[in-house]
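Asks:
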Amino acid sequence: MSRIEWLISGRPVAYEQAVSAMEERVAAIRDGSAPELVWLLEHPPIYTAGTSADPADLLDARFPVHQTGRGGQYTYHGPGQRVAYVMLDLKKRGADLRAYVADLENWVIEALATFNVRGEIRPERVGVWVERPERGAGREDKIAAIGVRVRRWVAYHGISVNVEPDLDHYAGIVPCGIAEHGVTSLVDLGIPASMADLDLTLRATFEERFQTVTVDAAPDTVIFGNRAHRAAAG
2 MSRIEWLISG RPVAYEQAVS AMEERVAAIR DGSAPELVWL LEHPPIYTAG TSADPADLLD
62 ARFPVHQTGR GGQYTYHGPG QRVAYVMLDL KKRGADLRAY VADLENWVIE ALATFNVRGE
122 IRPERVGVWV ERPERGAGRE DKIAAIGVRV RRWVAYHGIS VNVEPDLDHY AGIVPCGIAE
182 HGVTSLVDLG IPASMADLDL TLRATFEERF QTVTVDAAPD TVIFGNRAHR AAAG
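Numbering-wise (the numbering used here), the sequence shown opens with residue 2 and increments by one.
What follows is the structure in structure tokens.
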């Protein structure tokens, strides 16, 4: 089994700083000078626009808007949402991007199942969805988003799972370009889960799904390239 570093940031990390850190780490993974990494964090409230974002879906720019190279459309990140940036060498895993995205989806679904939440995927919609019949026939809410970028077969960006974010913050965008469905979270579904609860589950299900062993990355020695990045990881 491969060994992958696992890092949890204890306070919110600015989006630009996280992207810079990821890009530096991806380069190091590619040249063999650093191991693969899963980085769990929260961001301050922001909207991000993926490569296929429609400007009309930005309804109210109440938070900073960042253009990003990941796939997808507009999404929200903020406190109460667990972001997992997954930096893996896909050449070690068959160089199959579609299979990798499916693994990310199934990872989230397996983690949610431990909270008795049935997450599902839809071929026509990106992300992980939960049926909400109590809110109307055919109603489904999104509980997790997925967006991936690949550079020379090293993947980064990853997933986000709503634990207890302020769901009103989604009102400034059409999330992922889908207006007919909503968004939800574990707490919104009546599950009093904490971020730490989710983190433990994400780690266990990641190891099983990706057939790997995770090892704790020391926050003060993770090499992102400069002191600011190391401070953000604390």
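Just so it is clear, CB atoms sit at the ideal spot from N, CA and C, and this is done for glycine as well.
(1) Do you know offhand how far glycine 11's Cα is from arginine 153's?
(2) If we ignore side chains and look at the alpha-carbon of each, how far apart do glutamate 37 and serine 161 end up?
(3) Using only CA atoms, which one of Ile144, Arg71, Glu25 lies nearest to glutamate 121?
(4) For valine 118 and valine 188, what's the separation of their Cα atoms in angstroms?
(5) Measure the alpha-carbon distance for glycine 139 versus valine 184 and round it to whole angstroms.
(6) Would the segment 35-49 count as touching the segment 6-21 if we require 3 or more Cβ pairs under 8 Å?
(7) Could you round the C-beta distance between threonine 206 and glutamate 111 to whole angstroms and report it? I think they count as a contact, below 8 Å.
(8) Our contact map puts isoleucine 5 next to threonine 213 with C-beta atoms below 8 Å; I'd like the distance itself, whole angstroms only.
(9) Residue range of the beta strand (DSSP E) that asparagine 117 falls in?
(10) With a cut-off of 8 Å, do at least 3 Cβ pairs link the segment 42-61 to the segment 94-102?
Replies: Here's the rundown:
(1) 30 Å
(2) Linking glutamate 37 to serine 161 through their CA atoms gives a straight-line distance of about 19 Å.
(3) It is Ile144 whose Cα lies nearest to the Cα of glutamate 121.
(4) One C-alpha to the other measures close to 11 Å.
(5) 14 Å
(6) yes
(7) 4 Å
(8) 5 Å
(9) Run containing asparagine 117: none; DSSP gives neither H nor E here.
(10) no
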